[in-house]
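A.B. asks:
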Amino acid sequence: VQYLSGVKSVLFKKFKPLAYTGDSPQWYEELYRGLNLRATALAIKRGAKVTKKHVGLVRKTLLTMLLYLVKHSDNGYEERAVIAMLYHAVGRGSEVAATTWESAEWDDDKQFLLFDWGEIKTGQQYIMTLHPNADSEDGWLLCSIHSIACNLICGSTVYKASASAEEAGMNFMFNNYFGMADGGAASKVSRIIQKCRDGGVEDLPEDFTGHGLRVAAADEMMFNVHLPFFAAIARGGWDCKADTLLFYYLTQKLHVAAAGKALAGWANPNVKVHAPTLEAIYNDKNRGAIDAFCHELFQHSSISQLLDTTLKGFRSRMVASLLMYYANVKKELGRDSAIIRSMYAACVESDLEIRDLDFYGKQIKKRFQVDNALNLAASSSDNIETIMEKAFHEVQKIGLDTLDE
Numbered sequence: 059v060q061y062l063s064g065v066k067s068v069l070f071k072k073f074k075p076l077a078y079t080g081d082s083p084q085w086y087e088e089l090y091r092g093l094n095l096r097a098t099a100l101a102i103k104r105g106a107k108v109t110k111k112h113v114g115l116v117r118k119t120l121l122t123m124l125l126y127l128v129k130h131s132d133n134g135y136e137e138r139a140v141i142a143m144l145y146h147a148v149g150r151g152s153e154v155a156a157t158t159w160e161s162a163e164w165d166d167d168k169q170f171l172l173f174d175w176g177e178i179k180t181g182q183q184y185i186m187t188l189h190p191n192a193d194s195e196d197g198w199l200l201c202s203i204h205s206i207a208c209n210l211i212c213g214s215t216v217y218k219a220s221a222s223a224e225e226a227g228m229n230f231m232f233n234n235y236f237g238m239a240d241g242g243a244a245s246k247v248s249r250i251i252q253k254c255r256d257g258g259v260e261d262l263p264e265d266f267t268g269h270g271l272r273v274a275a276a277d278e279m280m281f282n283v284h285l286p287f288f289a290a291i292a293r294g295g296w297d298c299k300a301d302t303l304l305f306y307y308l309t310q311k312l313h314v315a316a317a318g319k320a321l322a323g324w325a326n327p328n329v330k331v332h333a334p335t336l337e338a339i340y341n342d343k344n345r346g347a348i349d350a351f352c353h354e355l356f357q358h359s360s361i362s363q364l365l366d367t368t369l370k371g372f373r374s375r376m377v378a379s380l381l382m383y384y385a386n387v388k389k390e391l392g393r394d395s396a397i398i399r400s401m402y403a404a405c406v407e408s409d410l411e412i413r414d415l416d417f418y419g420k421q422i423k424k425r426f427q428v429d430n431a432l433n434l435a436a437s438s439s440d441n442i443e444t445i446m447e448k449a450f451h452e453v454q455k456i457g458l459d460t461l462d463e
């Protein structure tokens, strides 16, 4: 039964008029339900376990996977970024191949990266957002902004020839996944997971595949008590055929963003989240050197021109994220890791002092914690008075720590 959709895809490609009435015509739905019912009944009859094909995993195991990749895999920065992207976008393995930088923009008002996300399997495209992680200490592993920055700096810079004139000049977020045969990208993601399993990552389910990241993300969203159920549906791209269809179109960005904040670990995804900012460290003396540092970090990336122009705002947020997590990453990966060495090299080229990186990181972290104190202090059981009181104490504590230094 699970291969019937593949047969349908082949038929639709060969006989295009079959798809004119939609991607799931009535004859296909009836055939699928009938086959599925019969297969399930026979399985139950012979005592087999009947359950969903895909399984998820807990957040702790996901973090262990990502740490293993950046420490032990030759393509660890890219693989970490792919896994993090699929988790945050509630995506399938094949979908990382179709995302382009040309569709991306940094929304400075809402503080998120906005881009088009395409579902090749279902033939639909909708908006997607990426947000900073709520954990300013150990959250770097699953932080989508930090993982993209590391991949752009340390990942592959190889370009692949465009498959068609329409694709000429397009910058795909993951070049090594673009242009693969049907199922190739999904298989590549599954091989990354198998690499982690072979490397000894514990508590990784034996039947966990790339699609399981979609399941894990769905579980994370559903268990956030502040997140509307409808927001999870919007971010996952699931069908919406109820009376709320108009509501969906009018408020899609709002719901997709709220679910994205839940996946980034924010207690209340309905509260605005502020991304790390370089404004926490800018002054009249260092602004030029810091701007040069930003340019040097990404000058060899595949989208350096875009980062100098239309995506300059996002570039500054990526640099702020790299600095905020600098001490944590250096402690975990060491001074000889590719990302730390790249930051040191950028310092040399921009006349920035390497010894200042730790100080800059602390300042950005404090500003991040103050800007988001209301959300960082919240828990699912708190009322607004309790949240405000916790936020006040959090800001007060940060202020006292700053004075002590």
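Note that my numbering has the sequence shown beginning at 59, numbered continuously upward. Using N, Cα and C, we set each Cβ at its ideal position, and we do this for glycine too.
(1) Could you say which of G323, K319, A404 lies nearest to A347 if we only look at CA atoms?
(2) Taking three-plus beta-carbon pairs below 8 Å as touching, is the region 113–122 in contact with the region 236–244?
(3) Smallest Cα separation from E195: which of L410, L380, V273?
(4) Quick check for students: name the residue ranges of the alpha helix (DSSP H) that lie wholly in the region 353–426, counting only runs of 4 or more.
(5) Would you kindly check if the distance between the Cβ of W324 and the Cβ of V314 is under 7 Å?
(6) So within the region 252–322, which uninterrupted beta strand (DSSP E) runs reach at least 3 residues, ignoring any that extend past its ends?
(7) What separation, rounded to the nearest whole angstrom, lies between the Cα atoms of A322 and G295?
(8) Who pairs with W85 in a beta bridge, going by DSSP?
(9) Are the Cβ atoms of A317 and M279 separated by less than 7 Å?
(10) Tell me the start and end of each unbroken beta strand (DSSP E) in the region 124–156 that is at least 3 residues and wholly inside, in chain order.
(11) Work out the CA separation of V329 and A292 for me, nearest whole Å.
(12) What's the call for M228, buried or exposed, on a 16-neighbour Cβ count within 10 Å?
(13) Can you give the Cα-Cα distance for M143 and T309, rounded to whole angstroms?
(14) Ends of the beta strand (DSSP E) at L171?
(15) What residue from L125, E153, I102 has the CA that sits closest to R272's CA?
(16) Going by alpha carbons, who is nearest to N326 out of S161, L285, V377, K103?
(17) Which same chain residues end up closer than 8 Å to L172 when comparing Cβ atoms and leaving out the 5 residues on each side of it in sequence?
(18) From R91, S202, K168, pick the residue whose C-alpha is nearest to that of V148; which is it?
(19) With distances taken from CA atoms, which of R399, A139, L391, F426 is nearest K129?
(20) Does L200 come out as helix, strand or coil in the three-state DSSP assignment?
(21) Do W159 and V387 have their CB atoms nearer than 7 Å?
(22) With DSSP as the reference, identify every bridge partner of D165, one or two as the case may be.
(23) Any idea which residues DSSP pairs A184 with across the strands?
(24) Provide the residue(s) that pair with T98 in DSSP beta bridges, ordered along the chain.
(25) For T122, does the three-state DSSP call read helix, strand or coil?
(26) Between the C-alpha atoms of D261 and E407, what's the straight-line distance to the nearest angstrom?
(27) Are there three or more Cβ pairs, one per stretch, closer than 8 Å when the region 245–256 is compared with the region 123–137?
C.D. replies: Well, looking at it:
(1) Shortest Cα-Cα distance from A347 to any of G323, K319, A404 involves A404.
(2) Counting Cβ pairs under 8 Å, fewer than three are found: no touch.
(3) Here the closest residue by C-alpha is L380.
(4) Whole alpha helix (DSSP H) segments, 4+ residues: 362–366, 370–382, 384–391, 396–408.
(5) The Cβ atoms of V314 and W324 lie no closer than 7 Å to each other.
(6) Complete beta strand (DSSP E) runs here, min 3: none at all.
(7) One alpha carbon belongs to A322, the other to G295, and they sit about 18 Å apart.
(8) Answer is none; W85 lacks a bridge partner.
(9) At the C-beta level, A317 and M279 come within 7 Å of one another.
(10) For the region 124–156, not one full-length beta strand (DSSP E) segment reaches 3 residues or more.
(11) Going from the Cα of A292 to the Cα of V329 covers about 18 Å.
(12) With fewer than 16 other Cβ atoms within 10 Å, it is exposed.
(13) Cα-Cα distance, rounded: 23 Å.
(14) Note, L171: beta strand (DSSP E), 170–177.
(15) Ranked by Cα distance from R272, the first of L125, E153, I102 is E153.
(16) Measuring from the Cα of N326, the nearest candidate turns out to be L285.
(17) Excluding sequence neighbours, L172 sits near A162, E163, W164, D165, I185, M186, T187, K311.
(18) Closest option to V148, Cα to Cα, is S202.
(19) Of R399, A139, L391, F426, the residue nearest in Cα terms is L391.
(20) Assigned with DSSP and collapsed to three states, L200 falls in coil, not helix or strand.
(21) Result no, Cβ atoms of W159 and V387 do not sit closer than 7 Å.
(22) In the DSSP output, where bridge partners are listed per residue, D165 has F170.
(23) In the sequence as presented, Ala is not what sits at residue 184; that position holds Tyr. According to DSSP, Y184 bridges with W175.
(24) Answer is none; T98 lacks a bridge partner.
(25) Looking at T122 - three-state DSSP - the assignment turns out to be helix.
(26) Taking the straight line from one Cα to the other gives about 44 Å.
(27) Contact holds between the region 245–256 and the region 123–137, because three or more Cβ pairs, one in each stretch, are under 8 Å apart.
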